[in-house]
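Numbering (our numbering), first residue to last: 10 to 178.
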């Protein structure tokens, strides 16, 4: 036997786990767990490196009506797809909370006013920016993270020659 054949025959320690209640692969772990809320089972999908599951949902009972149905490749791939979609939606929602924009009409044309919240744990803040119709930045100002970007507040900022709005606290 050659060295290459020996390496091929030896089981890989870091290969994917594919057990009836535990599957790992594609950066995910699916774990079938006892549902504490009732007599059924649940499945938890955990993205590698994350402390908490991205998705926990009900899991099908097996034929004996006591034990869970074993995980299989099709179920695992469906769970990965669903959990990935949940994460994507959470990221989109967070992005929408942290990044806002609107348009303001001025005598010189339309301005796009953006607000990007910087969620620093100790001192969160936001950055207001104004862009002209060509996409050139014409102003920037630091504001409190709780600043409300509205048509009225943007109009006031523009009318004040882009002086940073006073703290709303």
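C-beta atoms are modelled at their ideal positions from N, C-alpha and C, and glycine is treated no differently. Note that this is a predicted model, so its numbers are computed, not measured.
DSSP beta-bridge partners of residue i
| i | result |
| --- | --- |
| residue 77 | 70 |
| residue 34 | 37 |
| residue 5 | Residue 5 lies beyond the residue range present for the chain, which begins at 10 and ends at 178; the question has no answer from this structure. |
| residue 27 | 32 |
| residue 145 | Residue 145 is not bridged to any residue. |
Buried versus exposed, by CB contacts within 10 Å (16 or more), residue i
| i | result |
| --- | --- |
| residue 127 | exposed |
| residue 52 | buried |
| residue 39 | buried |
| residue 31 | exposed |
| residue 143 | exposed |
| residue 152 | buried |
| residue 64 | buried |
| residue 102 | exposed |
| residue 29 | exposed |
| residue 169 | exposed |
| residue 77 | buried |
| residue 60 | exposed |
For residue j and residue i, believed in contact at Cβ under 8 Å, the rounded distance
| i | j | result |
| --- | --- | --- |
| residue 158 | residue 149 | That belief does not hold up - the Cβ atoms of residue 158 and residue 149 are roughly 14 Å apart, past 8 Å. |
| residue 164 | residue 89 | Contact flag wrong, Cβ pair sits at about 47 Å. |
As assigned by DSSP and simplified to three states, the class of residue i
| i | result |
| --- | --- |
| residue 131 | coil |
| residue 100 | helix |
| residue 85 | helix |
| residue 107 | helix |
| residue 116 | coil |
| residue 123 | strand |
| residue 138 | strand |
| residue 57 | coil |
| residue 47 | coil |
| residue 173 | coil |
Proximity of residue i and residue j at Cβ, strictly below 9 Å
| i | j | result |
| --- | --- | --- |
| residue 80 | residue 27 | yes |
| residue 92 | residue 37 | yes |
| residue 134 | residue 122 | no |
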